[in-house]
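**Student:** Below you will find the structure I want to go over with you.
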Amino acid sequence: MSTDTETHQAGQAGQTETWFEAAKKIYPMATHGKFRRIKWGLLFLTLGIYYFLPFIRYDRGPDAPSQAVLVDMENRRAYFFFIEIWPQEVYYLTGLLIIAAVALFLMNAVAGRIWCGYLCPQTVWTDLFLWVERKVEGDRRERMALDKEPLSFGKVRKRITKHFFWLMIAWWTGGAWVLYFNDAPTLVWQLLTFQAPMVAYVWIAILTSTTYLLAGFMREQVCIYMCPWPRIQAALTDEKALNVTYLWDRGEPRGSLKQNRKLAEQGMPAGDCIDCYQCFQVCPTGVDIRKGMQLDCIQCGLCIDACDNVMTKIGKPTGLIGYDTDENIQRRIEGKEPVYEIVRPRTIIYAAVIVLVGAIMLFTLLNRDFADISVLHDRNPVFVELSDGSVRNGYTVRLSNKRLHSRSFMLHVEGMPPNTSVEAIGVDTSFAGRPILEVGPDTTREVRVLVTSPGWEKLPPSTPVTFRITESVMGEVVTAKDTFKAPDRP
Amino acid sequence: MADIHNKEIDQVSGVETTGHEWDGLKELNNPLPKWWLYLFYVTIVWAVIYWVLYPSWPLISSYTTGILGANQRAEAIAAYEEVIAGRSEFADKVVATPLEDIGKDQQLLQFALANGQAAFGDNCAPCHGGGGAGSEGYPNLQDDTWIWGGTLEDIHTSLQYGIRSDHDEARFGEMPAFGRDELLTGEEIDQVANFVASRVGLTAEEGVDLAAGQTLYADNCAACHGESLEGIQEVGAPSLMSANYLYGKSLADIKAQIDTPRNGVMPAWAGRLDPATIKSLTLYVHSFGGGI
Numbered sequence: 001m002s003t004d005t006e007t008h009q010a011g012q013a014g015q016t017e018t019w020f021e022a023a024k025k026i027y028p029m030a031t032h033g034k035f036r037r038i039k040w041g042l043l044f045l046t047l048g049i050y051y052f053l054p055f056i057r058y059d060r061g062p063d064a065p066s067q068a069v070l071v072d073m074e075n076r077r078a079y080f081f082f083i084e085i086w087p088q089e090v091y092y093l094t095g096l097l098i099i100a101a102v103a104l105f106l107m108n109a110v111a112g113r114i115w116c117g118y119l120c121p122q123t124v125w126t127d128l129f130l131w132v133e134r135k136v137e138g139d140r141r142e143r144m145a146l147d148k149e150p151l152s153f154g155k156v157r158k159r160i161t162k163h164f165f166w167l168m169i170a171w172w173t174g175g176a177w178v179l180y181f182n183d184a185p186t187l188v189w190q191l192l193t194f195q196a197p198m199v200a201y202v203w204i205a206i207l208t209s210t211t212y213l214l215a216g217f218m219r220e221q222v223c224i225y226m227c228p229w230p231r232i233q234a235a236l237t238d239e240k241a242l243n244v245t246y247l248w249d250r251g252e253p254r255g256s257l258k259q260n261r262k263l264a265e266q267g268m269p270a271g272d273c274i275d276c277y278q279c280f281q282v283c284p285t286g287v288d289i290r291k292g293m294q295l296d297c298i299q300c301g302l303c304i305d306a307c308d309n310v311m312t313k314i315g316k317p318t319g320l321i322g323y324d325t326d327e328n329i330q331r332r333i334e335g336k337e338p339v340y341e342i343v344r345p346r347t348i349i350y351a352a353v354i355v356l357v358g359a360i361m362l363f364t365l366l367n368r369d370f371a372d373i374s375v376l377h378d379r380n381p382v383f384v385e386l387s388d389g390s391v392r393n394g395y396t397v398r399l400s401n402k403r404l405h406s407r408s409f410m411l412h413v414e415g416m417p418p419n420t421s422v423e424a425i426g427v428d429t430s431f432a433g434r435p436i437l438e439v440g441p442d443t444t445r446e447v448r449v450l451v452t453s454p455g456w457e458k459l460p461p462s463t464p465v466t467f468r469i470t471e472s473v474m475g476e477v478v479t480a481k482d483t484f485k486a487p488d489r490p
Numbered sequence: 001m002a003d004i005h006n007k008e009i010d011q012v013s014g015v016e017t018t019g020h021e022w023d024g025l026k027e028l029n030n031p032l033p034k035w036w037l038y039l040f041y042v043t044i045v046w047a048v049i050y051w052v053l054y055p056s057w058p059l060i061s062s063y064t065t066g067i068l069g070a071n072q073r074a075e076a077i078a079a080y081e082e083v084i085a086g087r088s089e090f091a092d093k094v095v096a097t098p099l100e101d102i103g104k105d106q107q108l109l110q111f112a113l114a115n116g117q118a119a120f121g122d123n124c125a126p127c128h129g130g131g132g133a134g135s136e137g138y139p140n141l142q143d144d145t146w147i148w149g150g151t152l153e154d155i156h157t158s159l160q161y162g163i164r165s166d167h168d169e170a171r172f173g174e175m176p177a178f179g180r181d182e183l184l185t186g187e188e189i190d191q192v193a194n195f196v197a198s199r200v201g202l203t204a205e206e207g208v209d210l211a212a213g214q215t216l217y218a219d220n221c222a223a224c225h226g227e228s229l230e231g232i233q234e235v236g237a238p239s240l241m242s243a244n245y246l247y248g249k250s251l252a253d254i255k256a257q258i259d260t261p262r263n264g265v266m267p268a269w270a271g272r273l274d275p276a277t278i279k280s281l282t283l284y285v286h287s288f289g290g291g292i
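Here it is in structure tokens:
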């Protein structure tokens, strides 16, 4: 880790040489500017969605939950607006995860660790916690001073206030999480009256403590030591990705404003960087961006804002620090115009993969069956010979009706000789010897089906058969394959 | 051991050594982290609290019970009773509903079949097999050969009182031992067995008088098994025309059964299983295919 040790931590070096270096506390300073505004915007957007999405209602009729986004563990259903996911359809989650991973790659190919800087939950919550800290304890200098102060009533009051608000945010974070798994308004009331299930309180406790610890205390250490993405990102990035970059060709040699002006007057080389350390002081991970791209940098662009503010003040053009590519630094040294190739094979491939996986998901989502049949052949015994020599096979047939109203299905077994009988236990209605099975709204029904073939029918030891269900109104057809077993008679 | 009053400081790290040395390697005195140590103390305190609260120390003939009165057996029984209570709504309904009507209520039928399946695995599977397919001497419940009848009511009766069990209302039918008790001679047994075999599609032995066998059948067997070998359910005499024989379908098997018959016993379950479970079992067994 290459944070700015020499200049800023000299006073903290211990008397005896130690082999371990304690983490240095970082006091990020407030800043304002374009990227700060983008960060605030995304913070409001993402946290707004996270905290309030469970309260959005979506009418699905009287027998279904009316929460727009809901993971109903108890009834094994997941709802996302007009989409209802059954347990056997969780592969959609795989698709979402693939899209998420490739979207991360795409972001990386376009603008480096832009995810880390703006959208990562760790960044967003840390940002929010830092805002609280600033409101309560003041900005960088005041916080540094407060830490050095001896314990006093004022200090304790500030500390308690800060931790109270931190815990409130953390608690609401955990609270919002459980709302995705139960009807939100009901659960909120249950939580308030201490009637909610234990598991809700446990999850709130877990997420409250993780939010409080990770966003309040661990902060940049999560990014630097715990998160695998910086390492993976380093392997994925290339010279054309936009990264937060210090234009050292313009900034160097750095010096104080006065010194550099003097140098410039004398016709000596003088850079635009006035060594004010603003870029370093606003950095939430304590990076000195002037040392080049480094693992600790989360690409949030706050140093750009800080530097631009200084440049504006001293009447120099902004953009001494900015999003730029490795390639452009090289090009500028060679006196060429900078280029920004966002569209290139790498980004095209990533985008194509996202579109492809998205299209496959959309296609399967639009064309999925709203009925399902699964057939399980009896194993013990695989077939039974009846008193008159007939052969009977037993099956456990499970029908799923994914519509929100009751539907009936006609069961037909194909592949058997015409005089084969099909009987469903506990089912009286039938049409032309084919049982009619009524399945309730949004449920599955398991029924035992007996298929009997007369003894005089010569059957091979194994006959492939198809179980076909036909929905009575819309004529929706779903099939499942199985076999009919018979004794190997001469 | 090093002199404890003259502590040695390691040059490189500035940490004092413990004085332990192995082949020139000296152990540095880096104490355990404080948080670790305190956690260790907490566990000790915790253990003491636990001794007081929960059963912990073995005594000579008993053990310390702890002031909370914790008892895993009581907890298990409470959990069991909770399950029974939770099921009672359906179980009571099963008892109250006639067997024929249970199937009309989907939910009730699902409960009964699931309950029956579990009870079958615990009580019936050892003899009748996991899927009810039986084996020689143990009736196959999946086919349609029902010696004592295969309607819901018949199955329910067999389950409650058993077959040849010691229950007063047990179904009782016994095949006489024609050979062992010298009711028929060896030759006569051969004749009647061959007659039966010839009628049910087996190959009879050559040179055996089938006409004599027919007469013997009419005199000795027809009373129970019927004039045309169709069996009589009321006395538990199986149909001999069935494809499925309880004790094997071959000439040798038939001879053995006439000579020294086997008469299996089905235990009575009334009193051993609760009425709801017996009814559930009835429905479950009937769902194998039922019969008449």
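Chains as they are written, first to last, in the UniProt record's numbering: chain A, 1 to 490; chain B, 1 to 292.
Backbone N, C-alpha and C fix where the C-beta goes; we use that ideal spot for every residue, glycine too.
Could you name each continuous beta strand (DSSP E) segment of 3 residues or more that falls completely within the UniProt domain "FixG C-terminal immunoglobulin-like" (361-487) of chain A, going from the start of the chain to the end?
**Tutor:** 371-377, 391-401, 407-414, 421-424, 434-439, 443-453, 462-471, 477-485, all fully within the UniProt domain "FixG C-terminal immunoglobulin-like" (361-487) of chain A.
**Student:** Of all Cβ atoms in chain B, is any one closer than 8 Å to the Cβ of A/L450?
**Tutor:** Your numbering for residue 450 of chain A matches position 450 in the first sequence. Judged by the 8 Å Cβ criterion, A/L450 is in contact with chain B.
**Student:** Quick one: what does DSSP say A/Q299 is sitting in, helix, strand or coil?
**Tutor:** Residue 299 of chain A sits at position 299 when you count from the first residue of the first sequence. DSSP places A/Q299 in coil when its eight states are reduced to three.
**Student:** Which residues does DSSP pair with B/M266 in a beta bridge?
**Tutor:** To locate residue 266 of chain B, count along the second sequence from 1; it is residue 266. DSSP, once it has assigned bridges, lists B/I163 as partnering B/M266.
**Student:** Can you find a C-beta in chain A that's less than 8 Å from the C-beta of B/Q142?
**Tutor:** As a first step, residue 142 of chain B is located in the second sequence; it is residue number 142 there, counting from the start. Chain A, which has a Cβ nearer than 8 Å to the Cβ of B/Q142, makes this yes.
**Student:** Any beta carbon from chain B within less than 8 Å of A/Q12's own beta carbon?
**Tutor:** Locating residue 12 of chain A in the first sequence gives position 12, counting from the first residue. Note that A/Q12 scores 43 on pLDDT, short of 50, meaning its location in the model is unreliable and no value can be drawn from it.
**Student:** So, are the CB atoms of A/I98 and A/V355 less than 8 Å apart?
**Tutor:** Here the question's residue 98 of chain A lines up with position 98 in the first sequence. Here the question's residue 355 of chain A lines up with position 355 in the first sequence. Not in contact: A/I98 and A/V355 (Cβ atoms no closer than 8 Å).
**Student:** Between A/T325 and A/L242, is the Cβ-Cβ spacing less than 8 Å?
**Tutor:** Your numbering for residue 325 of chain A matches position 325 in the first sequence. Your numbering for residue 242 of chain A matches position 242 in the first sequence. Result yes, Cβ atoms of A/T325 and A/L242 sit closer than 8 Å.
**Student:** What does A/T392 touch in chain B if you count any residue whose Cβ is under 7 Å from its own?
**Tutor:** The residue given as residue 392 of chain A occupies position 392 in the first sequence. One detail in the question is off: residue 392 of chain A reads as Arg in this sequence, not Thr. In chain order: G289.
**Student:** From which residue to which residue does the alpha helix (DSSP H) around A/Y51 run?
**Tutor:** Looking up residue 51 of chain A in the first sequence gives position 51. Looking at the DSSP string, the run of the alpha helix (DSSP H) that includes A/Y51 is 34-52.
**Student:** By the three-class DSSP mapping on this structure, what secondary structure does B/P275 have?
**Tutor:** Along the second sequence, one-based indexing puts residue 275 of chain B at 275. In this structure, B/P275 counts as helix in the three-state DSSP scheme.
**Student:** What residue range is occupied by the uninterrupted alpha helix (DSSP H) comprising A/K240?
**Tutor:** As a first step, residue 240 of chain A must be located in the first sequence, where it is residue number 240. First-last for A/K240: undefined, no H or E at that position.
**Student:** Is the beta carbon of B/V95 sitting closer than 8 Å to the one on B/P275?
**Tutor:** Taking the first residue of the second sequence as position 1, residue 95 of chain B is located at position 95. Taking the first residue of the second sequence as position 1, residue 275 of chain B is located at position 275. Yes. Within cutoff.
**Student:** What residues in its chain sit with their C-beta under 8 Å from that of A/G433, if we drop five residues either side in the sequence?
**Tutor:** For the purposes of this step, residue 433 of chain A is identified with residue 433 of the first sequence, where counting begins at 1. Around A/G433: S421, V422.
**Student:** Answer yes if the segment 394-405 of chain A comes into contact with the segment 144-151 of chain B, meaning at least three C-beta pairs across the two stretches below 8 Å, and no otherwise.
**Tutor:** No, the segment 144-151 of chain B does not touch the segment 394-405 of chain A.
**Student:** Determine whether the beta carbon atoms of A/A67 and A/Y50 lie at a separation below 8 Å.
**Tutor:** Position 67 of the first sequence, counted from the first residue, corresponds to residue 67 of chain A. Position 50 of the first sequence, counted from the first residue, corresponds to residue 50 of chain A. The sequence given here places Gln at residue 67 of chain A; Ala does not occur at that position. Result no, Cβ atoms of A/Q67 and A/Y50 do not sit closer than 8 Å.
**Student:** Hey, does A/D482 have any beta-carbon neighbour from chain B nearer than 8 Å?
**Tutor:** Within the first sequence, the letter at position 482 stands for residue 482 of chain A. False, the Cβ-Cβ gap to chain B never drops below 8 Å.
**Student:** Relative to the C-alpha of A/T479, which residue among A/D372, A/A100, A/P317, A/I274 is closest?
**Tutor:** Stepping through the first sequence from its first residue, residue 479 of chain A is reached at position 479. The shortest C-alpha separation from A/T479 is found at A/D372.
**Student:** Let me confirm a value: B/G161 is counted as buried when at least 16 other C-beta atoms fall within 10 Å, else exposed. Which label applies?
**Tutor:** Along the second sequence, read from residue 1 onward, the residue named residue 161 of chain B stands at position 161. The sequence given here places Tyr at residue 161 of chain B; Gly does not occur at that position. Buried, since its Cβ has 16 or more Cβ neighbours within 10 Å.
**Student:** How about A/V353 and B/D143: are their beta carbons less than 8 Å apart?
**Tutor:** Taking the first residue of the first sequence as 1, we reach residue 353 of chain A at position 353. Taking the first residue of the second sequence as 1, we reach residue 143 of chain B at position 143. In this structure, B/D143 does not lie closer than 8 Å to A/V353 by Cβ.
**Student:** Check whether the Cβ atoms of B/N29 and B/V15 lie closer than 8 Å to each other.
**Tutor:** As a first step, residue 29 of chain B must be located in the second sequence, where it is residue number 29. As a first step, residue 15 of chain B must be located in the second sequence, where it is residue number 15. It is a contact, given that the beta carbons lie within the stated cut-off.
**Student:** Would you mind working out which of A/G319, A/W203, A/R140 sits nearest A/T245, comparing C-alpha positions?
**Tutor:** Within the first sequence, residue 245 of chain A is the residue found at index 245, counting from 1. It is A/G319.
**Student:** Per DSSP, A/R77 is paired with what?
**Tutor:** Here residue 77 of chain A is taken as the residue at index 77 of the first sequence, counted from 1. BP columns for A/R77 point to A/D72.
**Student:** Have a look at B/R262, B/A47, B/D23, B/I155 and flag the residue whose alpha-carbon is nearest the alpha-carbon of B/G290.
**Tutor:** Taking the first residue of the second sequence as 1, we reach residue 290 of chain B at position 290. Checked all of B/R262, B/A47, B/D23, B/I155; the closest Cα to B/G290 is B/I155.
**Student:** Taking all protein chains shown into account, do 16 or more other C-beta atoms lie within 10 angstroms of the C-beta of B/S280, making it buried, or fewer, making it exposed?
**Tutor:** As a first step, residue 280 of chain B is located in the second sequence; it is residue number 280 there, counting from the start. Looking at its Cβ environment, which holds 16 or more other Cβ atoms inside 10 Å, B/S280 is buried.
**Student:** Which value, in whole angstroms, describes the spacing of the CA atoms of A/I331 and A/E337?
**Tutor:** Against the first sequence, residue 331 of chain A aligns to sequence position 331. Against the first sequence, residue 337 of chain A aligns to sequence position 337. A quick correction: the sequence has Arg, not Ile, at residue 331 of chain A. Their backbone Cα atoms lie some 7 Å apart in a straight line.
**Student:** Give the residues of chain E in contact with A/S421, contact being defined as C-beta atoms less than 8 Å apart.
**Tutor:** The question asks about chain E, but that chain is absent: this structure's protein chains are A and B.
**Student:** Quick one: Cα of B/C124 to Cα of B/A177, how far?
**Tutor:** Position 124 of the second sequence, counting from 1, holds the residue named residue 124 of chain B. Position 177 of the second sequence, counting from 1, holds the residue named residue 177 of chain B. Taking the straight line from one Cα to the other gives about 28 Å.
**Student:** Would you say B/L246 faces chain A, with C-beta separation under 8 Å as the test?
**Tutor:** Position 246 of the second sequence, counted from the first residue, corresponds to residue 246 of chain B. Cβ-Cβ to chain A under 8 Å: no for B/L246.
**Student:** Counting beta carbon pairs with one atom in the segment 287-300 of chain A and one in the segment 102-118 of chain A, are three or more of them shorter than 8 Å?
**Tutor:** The segment 102-118 of chain A vs the segment 287-300 of chain A: in contact.
**Student:** According to DSSP, A/T123 sits in a beta bridge with which residue or residues?
**Tutor:** Position 123 of the first sequence, counted from the first residue, corresponds to residue 123 of chain A. For A/T123, which the question treats as bridged, DSSP gives no partner whatsoever.
**Student:** Are the segment 262-271 of chain A and the segment 280-299 of chain A in contact at 8 Å, needing three or more beta carbon pairs?
**Tutor:** Output reads no: the segment 280-299 of chain A does not touch the segment 262-271 of chain A.
**Student:** Keeping to the same chain, check which residues put their C-beta closer than 8 Å to that of A/I85; ignore five residues upstream and five downstream.
**Tutor:** Within the first sequence, residue 85 of chain A is the residue found at index 85, counting from 1. These residues qualify, in order along the chain: R77, A78, Y79, Y92.
**Student:** What does the alpha-carbon distance come out to for the pair B/L68 and B/S61?
**Tutor:** As a position in the second sequence, residue 68 of chain B is number 68, starting the count at 1. As a position in the second sequence, residue 61 of chain B is number 61, starting the count at 1. Rounded to whole angstroms, B/L68 to B/S61 spans 21 Å at the Cα level.
**Student:** Return the first residue and the last residue of the beta strand (DSSP E) that A/Y323 is part of.
**Tutor:** As a working note, residue 323 of chain A is residue 323 in the first sequence. It spans 321-324 - the beta strand (DSSP E) in which A/Y323 sits, taken as one unbroken run.
**Student:** Are residue 296 of chain B and B/E174 closer than 8 Å when you measure CB to CB?
**Tutor:** Nothing in the structure corresponds to residue 296 of chain B, since chain B is present only between 1 and 292.
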